[in-house]
Amino acid sequence: MGILNGVTISIVLFGVGLLGLIFRRDLVIKLLALGLLNSAAILCLVSLGATPDGAAPFLPAPAARALVDPLPQAVVLSAIVINFAILALALVFVMLLVERYHTTDAQRIEQEAEAEEETWT
Amino acid sequence: MRRPRLPLILTAVVLAVAFCAILIADFGFTGPASTSVERFVGAAERAGAVNMVSAIYLNVRLFDTLLEVLVFAVAVLGVRFYLTARGRPEAVEKIPESRVVGVAADVLLPLILLVSVYVTIHGHLSPGGGFSGGVIAGSGLLLAAMVAGTDAVDRRLGGRFLGRVEWAALLGVFVLASVPVALGRTPLSDLLPAGTPGAIGSGGSILLYNMLIGLKVFIGSWVIVKHFVDHRGEI
């Protein structure tokens, strides 16, 4: 396998997603970065189970070619569904925050929430 | 930016390097450890499923999938709860779609639903299964909602009755998983015989699980789509 395989690409994507999650201030972009992190994890798992000339994991197994490992593909299914669930629920919370503070900027939401707290005390 | 970025970047870089080092040390980039493949070939043959992936997640590692369905159900419940508690915004005037969308939806919707049923009930024979089939049908309903509006589609589907079917499907998955325990067999084992591999009735309980999960995901994804569209006002 060359240096440009699924694992290295997934590491780069993971880094991009992580930096986006930390440094972008827009909440929706943060969620997109979270989705990118998840896709990178999926790519990494599937590439670890793959062989360059592997056959799809169906029976009866072909005699000439090795099967790819089916376990990561089955595990990835959970990752996809849970990512879908997290994104849908997080999007609802972002919608509630936007409705209250009229911005998707995480820092401004934080400032306004702190200001609100001060007025209460 | 007031906050120091350098420590964060350094942490991210260190984490990435550590991650790469662990990967290289464990897997060596020499290709995968294919010892597990033979094990799963045996498991899939015992289950009578052609698709090894579905034989894993609906037979060998069924417990994983049960909790995964539960996570999906909780997410649907959360979306429904928070967006219903918030109430609907004032009605926005619906922008009429072009006639092309209506005609295309008339042609495509039956095909989409047919493909969804095929993908769901052939989950143990070909790529697919309950999760993908349910999402296909759910996005088909999104197409219908673009033409007719969410309320009309929801009424056609049965409104409140739909929610009960969703929870009944979830309950069905768990009942199906616990019946072997009640019968005194190994927990989470297959209920039905394995059958001849390749036939539609093979694969033990995988077909039943796929149908129930497909129903659950179909209704769940439609509920999520409906609530997001309703919150926005129009599609």
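Quick note, the sequences are listed as chains A and B, same order. Residue 81 in the working numbering sits at position 81 of the first sequence, with consecutive numbering throughout. Residue 270 in the working numbering sits at position 149 of the second sequence, with consecutive numbering throughout. All C-beta atoms, glycine included, are put in the ideal place defined by N, C-alpha and C.
Is the shortest distance between the beta-carbon of residue i and the beta-carbons of chain A less than 7 Å?
{"i": "B/Pro153", "result": "In this prediction, B/Pro153 has a pLDDT of 49, which is less than 50 and means its spatial position is unreliable; what the coordinates show is noted afterwards. Yes, its Cβ sits closer than 7 Å to a Cβ of chain A."}
{"i": "B/Gly199", "result": "yes"}
{"i": "B/Met332", "result": "no"}
{"i": "B/Glu189", "result": "yes"}
{"i": "B/Ala133", "result": "yes"}
{"i": "B/Met173", "result": "yes"}
{"i": "B/Val238", "result": "no"}
{"i": "B/Ala196", "result": "yes"}
{"i": "B/Leu129", "result": "yes"}
{"i": "B/Ala165", "result": "yes"}
{"i": "B/Ala303", "result": "no"}
{"i": "B/Phe184", "result": "no"}
{"i": "B/Ile233", "result": "no"}
Helix, strand or coil for residue i, going by three-state DSSP, please let me know.
{"i": "B/Ala212", "result": "coil"}
{"i": "B/Asn172", "result": "strand"}
{"i": "A/Leu4", "result": "coil"}
{"i": "B/Asp311", "result": "coil"}
{"i": "B/Glu159", "result": "helix"}
{"i": "B/Arg277", "result": "helix"}
{"i": "B/His348", "result": "helix"}
{"i": "A/Pro60", "result": "coil"}
{"i": "B/Ala320", "result": "coil"}
{"i": "A/Glu118", "result": "helix"}
{"i": "B/Met122", "result": "The predicted position of B/Met122 is uncertain, since its pLDDT is 48 and thus under 50; no value can be drawn from it."}
{"i": "A/Ser47", "result": "helix"}
{"i": "A/Gln111", "result": "helix"}
{"i": "B/Glu287", "result": "helix"}
Apply the 10 Å Cβ neighbour rule to residue i and answer buried if 16 or more other Cβ atoms are within range, or exposed otherwise.
{"i": "B/Pro153", "result": "Confidence is the limiting factor: at B/Pro153 the pLDDT is only 49, short of 50, which leaves the residue's position unreliable, though a coordinate-based value still follows. It counts as buried."}
{"i": "B/Leu235", "result": "exposed"}
{"i": "B/Ala396", "result": "In the structure displayed, chain B extends from 122 to 356; residue 396 of chain B sits before or after that span and is not available."}
{"i": "B/Glu287", "result": "buried"}
{"i": "A/Ile42", "result": "buried"}
{"i": "A/Trp120", "result": "exposed"}
{"i": "A/Val12", "result": "exposed"}
{"i": "B/His243", "result": "buried"}
{"i": "B/Asp272", "result": "exposed"}
{"i": "B/Leu179", "result": "buried"}
{"i": "B/Ala168", "result": "buried"}
{"i": "A/Phe14", "result": "buried"}
{"i": "B/Glu189", "result": "buried"}
{"i": "B/Lys337", "result": "buried"}
{"i": "A/Ala85", "result": "buried"}
{"i": "A/Ala113", "result": "exposed"}
{"i": "B/Phe161", "result": "buried"}
{"i": "A/Leu27", "result": "buried"}
{"i": "B/His245", "result": "buried"}
{"i": "A/Glu55", "result": "Glu is not the amino acid found at residue 55 of chain A; the sequence shown has Ala there. Exposed, since its Cβ has fewer than 16 Cβ neighbours within 10 Å."}
{"i": "B/Gly249", "result": "buried"}
{"i": "A/Leu77", "result": "buried"}
Under 8 Å Cβ to Cβ from residue i, same chain only, skipping five residues before and after it: list those, please.
{"i": "B/Phe358", "result": "Summary: the structure shown does not reach residue 358 of chain B, with chain B confined to residues 122 through 356, and so no result is reported for it."}
{"i": "A/Pro57", "result": "Leu67, Val68, Asp69, Pro70 and Gln73"}
{"i": "B/Ser415", "result": "Since the first residue of chain B shown is 122 and the last is 356, residue 415 of chain B is not available in this structure."}
{"i": "A/Leu87", "result": "Leu31, Leu34 and Gly35"}
{"i": "B/Val135", "result": "none"}
{"i": "B/Leu297", "result": "Leu312, Ser326, Leu329, Tyr330 and Leu333"}
{"i": "A/Asn5", "result": "Ser47"}
So does residue i have its beta carbon nearer than 6 Å to some heavy atom of the ligand ZN?
{"i": "A/Ile22", "result": "With respect to the ligand ZN, the structure shown offers nothing to examine, as it has no ligands at all."}
Would residue i count as contacting chain B if we go by Cβ distances under 7 Å?
{"i": "A/Ser78", "result": "yes"}
{"i": "A/Gly88", "result": "With the sequence shown as reference, residue 88 of chain A is identified as Ala, and Gly is not the correct amino acid for it. Closer than 7 Å: yes."}
{"i": "A/Leu32", "result": "no"}
{"i": "A/Gln73", "result": "yes"}
{"i": "A/Val94", "result": "no"}
{"i": "A/Ile109", "result": "no"}
{"i": "A/Asp26", "result": "no"}
{"i": "A/Pro62", "result": "no"}
{"i": "A/Ala85", "result": "yes"}
{"i": "A/Asp53", "result": "no"}
{"i": "A/Ile82", "result": "yes"}
Just grab the DSSP bridge partners of residue i for me.
{"i": "A/Gly105", "result": "Looking at the sequence itself, residue 105 of chain A is Asp, so the reference to Gly does not match. In the DSSP output, where bridge partners are listed per residue, A/Asp105 has A/Asp26."}
{"i": "A/Ala55", "result": "A/Leu67"}
Taking 7 Å as the limit between beta carbons, can you name the residues of its chain near residue i, skipping five residues before and five after?
{"i": "B/Ser155", "result": "Here the model assigns B/Ser155 a pLDDT of 49, short of 50, so the residue's position is not dependable, and the following value carries that caveat. If we look at B/Ser155 and ignore the five residues flanking it on each side, it has no Cβ neighbours."}
{"i": "B/Leu129", "result": "none"}
{"i": "B/Phe184", "result": "Leu309"}
{"i": "B/Val268", "result": "Glu218, Val222, Gly223 and Ala226"}
{"i": "A/Asp53", "result": "Arg65"}
{"i": "B/Lys347", "result": "Thr271 and Asp275"}
Counting only the same chain and skipping the five closest in sequence on each side, list residues whose C-beta sits under 6 Å from that of residue i.
{"i": "A/Ser10", "result": "Ala40, Leu43 and Cys44"}
{"i": "B/Arg209", "result": "Asp351"}
{"i": "B/Thr318", "result": "It is Pro, not Thr, that sits at residue 318 of chain B in the sequence shown. So the qualifying residues of the chain are Gly169 and Val171."}
{"i": "B/Glu355", "result": "Val213 and Lys215"}
{"i": "B/Val174", "result": "none"}
{"i": "B/Val181", "result": "Ala164"}
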